[in-house]
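**Q** I have a structure I would like to understand better, so I am pasting it below and will then ask my questions one at a time.
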Amino acid sequence: MSSTTLVLNSSSITLQEGHKPHCIISANLNVGGALVQKASNGSTGILVNGREITKSELQILKLAGVQCAGKPHFWLNADGSYQEEGQKTVKGKIWDKPIVKLLSPVLSLPTPNKMTNQCGEEAINVVNRPEYLEQRTTQKLLLVGSGTSTILKQAKFSYKSKPFSMDECEDLKLIIQSNIYRYIGILLEGRERFEEEVLADRRKLCQHDPSSSGRPESGFCDEEVTEYSIVPRLKAFSDWILKAMALGNLEDIFPAASREYAPLVEELWKDPAIQATYRRRNELPFLPSAASYFLDRVVDISRTEYELCDIDILYADGITSSDGLASTDISFPQLALDLRVADELDPQDTLLRYQLIRINNKGLRENSKWLQMFDDVSLVIFCVAVSDYDEYYEDANGTVVNKMIESKQLFESIALHPTFEQMNFLLLLTKFDLLEQKIGKSPLTACDWFAEFTPLVSRNLIDGTSRSKRGSHNGASLAQMAAHYIGVKFKRLFHSLTERKLYVSYVNALDQQSVCSAIRYGREIVKWEEEKPVFGSSETVYSGDEPSSYSH
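The numbers in our numbering rise by one with no breaks, and the one at position 248 of the sequence shown is 313.
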């Protein structure tokens, strides 16, 4: 396929015929001819400098606030200013929009990498370094599913000298301080519900057994105290928090007042009623697993001089951009965590740059059109929390949804999306430690999709020690058999949908080396698939790592 130089007024863009633009070379390159309308195989009906743009470019125009109704024809200048063809009025500058600067690299669309003045002339580069020395091939890895925020943050810690800016850390500090009050509010709502359930059952029992009300020595039917009742001194504070949540102004109060009320929150958290509520946390779908980590340190976190540590950042929610997109660049030759693989690095990798792009599940549910803009990714990494099998949440329509079933449905929609028709998938299984904690009390069959899970286990299977959880399958624990079963279910599902194989591995998202190993495994998959026409392919679909106890 031939390469064509396209002139955009005074800007020159190179592309391969039939592909979207790749990079902007110069603002004064007077070569080439008139643009061919179908040079990029666009199908939008919208022309920019005579070329019909692609769907990805159209999304960028819309995000930049460009009105595209009626399939207009635009003229784009070197400085990013644009106007409708035949008109003199400049409508705005596309490349000045922050959202365009953020998303253009993610979607493999070019932006100017040199400053221009108002006349559209390039600023002089005093270094005059050839740009081709900076150009490197980029392999994109798309990260979706459960727990992807922690994996992306771990990747930033591993591959960036400065993972988060001072502004990001300050914003995250405020988010953590605010979230503490959201966590305690969720627990207070659960406490009220559990207390009312106990009292309702008690009243029902007394109605069916009137004799119980006549036992003065017990006072059973008149008793209004349960294990979920908090002391009167904390009742007023808890009611105030619940009222603030109901009015939707909890974030207006905190974290500004977090230092003042931190001792009361600490006392509430330690109250037996709240601890009894927390023991039923599986029934509180909006309470994250990291809530106890922050509530245990509420006084320290609420101090003005509080400084984030790495583990705080990993556990924290809310560092993703508002549109649900985030990314980080990865350069494998800089990796020094595992010296055992240093000698195995391919010299060609020094010319490769990898980009890990994360889309959160909410963004995908609200706008599935995001997926069509990632047609150039090399690998889809889909994360599943194996502990989600018995957890539920209530969606916007009030429907109770099993989290594992939701992961399955999201996986199906991505696997069947035309954008990923021939793309390789890596399934990462996370949160094995939480599976270990609950599998003895809550069977895997709690999820309808796993109804056929019938492991051969020892008669001595009792809650508690790992020895008692050992089954007869090669000494594997019940949790290990369950995790393996989940992986096999996704593998068979993927093959039934695509007739292709699914790569599967385990990852401890809180362990830096585990995350790095998973990303390296993803890199190897990309390399294997590229070399397959020459060297053949392997049928291995599981990495060699077995799950062990870990958090997150």
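All residues carry an ideal CB built from backbone N, CA and C; glycine is no exception.
Assuming the contact rule is C-beta atoms closer than 8 Å, I446 and L217 should be a hit. Round their C-beta distance to whole Å, please.
**A** Actually they are not in contact, since the Cβ atoms of I446 and L217 sit about 10 Å apart, beyond 8 Å.
**Q** So what does DSSP say about C448, is it helix, strand or coil?
**A** strand
**Q** Spatial neighbours of S616 within its chain, please: CB distance less than 6 Å, with the 5 preceding and 5 following residues excluded, ordered by chain position.
**A** Because S616 carries a pLDDT of 42, less than 50, the predicted location of this residue cannot be relied on, and no value is offered for it.
**Q** Would you kindly work out how many angstroms separate the C-alpha atoms of N193 and D144, rounded to a whole number?
**A** Note on N193: pLDDT 40, under 50, position unreliable in the model; the coordinate value appears next. N193 and D144 have their alpha carbons spaced roughly 20 Å apart.
**Q** How many Å lie between P508 and F515 at the Cα?
**A** 10 Å
**Q** Taking the continuous beta strand (DSSP E) assigned at Y568, which residues delimit it?
**A** Y568 to Y571
**Q** Have a look at D382 and S542 and give me their C-alpha separation to the nearest angstrom.
**A** 32 Å
**Q** Starting from the Cα of T393, find the closest Cα among S226, A338, K238 and F302 and give me that residue.
**A** S226
**Q** From which residue to which residue does the beta strand (DSSP E) around L417 run?
**A** Residues L417 to I424.
**Q** How about I249 and L360: do their beta carbons lie closer than 8 Å?
**A** Here I249 is near L360, since their CB atoms are less than 8 Å apart.
**Q** Answer yes or no: does any C-beta atom of chain B fall closer than 8 Å to that of I245?
**A** Among the protein chains of the structure shown there is no chain B, as only one such chain exists.
**Q** In or out: A188 buried (at least 16 other Cβ within 10 Å) or exposed?
**A** The predicted model places A188 with a pLDDT of 35, which falls under 50 and marks its position as unreliable, so this point remains unresolved.
**Q** With a threshold of 16 other CB atoms inside 10 Å of the CB of L491, please say whether the residue is buried or exposed.
**A** Of the residues assessed, L491 falls on the buried side of the cut-off, its CB having 16 or more other CB atoms within 10 angstroms.
**Q** K468: which of T484, L481, A450 and F485 sits nearest, CA to CA?
**A** A450
**Q** Sort L315, E292, F319 and D304 by Cα distance to I339 and report the nearest one.
**A** E292
**Q** What residue range does the alpha helix (DSSP H) around L312 cover?
**A** P297 to L312
**Q** Along the chain, where does the beta strand (DSSP E) containing L491 start, and where does it finish?
**A** N489 to T495
**Q** What is the rounded straight-line gap between the Cα of Y586 and the Cα of Q204?
**A** Approximately 14 Å between the Cα atoms of the pair.
**Q** For E456, tell me which candidate among S211, K120, K127 and T154 has the shortest Cα-Cα distance.
**A** Minimum Cα distance to E456 is reached at S211.
**Q** May I ask you to report which of helix, strand or coil DSSP gives I118?
**A** Here DSSP, grouped into helix, strand and coil, assigns I118 to coil.
**Q** Looking only at its chain, what residues have a beta carbon closer than 6 Å to the beta carbon of R346, apart from the 5 residues adjacent to it on each side?
**A** L352
**Q** Please determine if the stretch 479 to 487 and the stretch 232 to 246 are in contact, where contact requires at least 3 C-beta pairs separated by less than 8 Å.
**A** no
**Q** Quick check: what's the CA-CA separation for S354 versus V591?
**A** 33 Å
**Q** I'd like to know if the stretch 550 to 568 and the stretch 471 to 479 are in contact, where contact means that at least 3 CB-CB pairs between them fall below 8 Å.
**A** yes
**Q** Among I306, R344, L558 and G313, whose alpha-carbon lies nearest the alpha-carbon of A327?
**A** I306
**Q** With DSSP as the reference, please indicate the residues paired to Q148 in a beta bridge.
**A** W140
**Q** Secondary structure at A220, three-state DSSP: helix, strand or coil?
**A** helix
**Q** For N467, write down the residues that DSSP places opposite it in a beta bridge.
**A** In DSSP, N467 forms a bridge with Y457.
**Q** In terms of residue numbering, what span does the beta strand (DSSP E) encompassing D394 cover?
**A** First-last of the beta strand (DSSP E) with D394: L390 to I395.
**Q** So which of M488, V296, L567 and R116 has the shortest CA-CA distance to K556?
**A** A check of alpha carbon separations from K556 across M488, V296, L567 and R116 identifies L567 as the nearest.
**Q** Can you give the Cα-Cα distance for S367 and N573, rounded to whole angstroms?
**A** 29 Å
**Q** List the endpoints of the continuous alpha helix (DSSP H) containing L315.
**A** L315 to I318
**Q** Which of the three DSSP states, helix, strand or coil, is assigned to G210?
**A** strand
**Q** Let me know the secondary structure DSSP gives R524 once reduced to three states.
**A** Below a pLDDT of 50, predicted positions are generally treated as unreliable, and R524, at 46, falls in that range; no measurement from the model is reported.
**Q** For the candidate residues Y371, A301 and Q487, whose alpha-carbon lies nearest to that of L237?
**A** Y371
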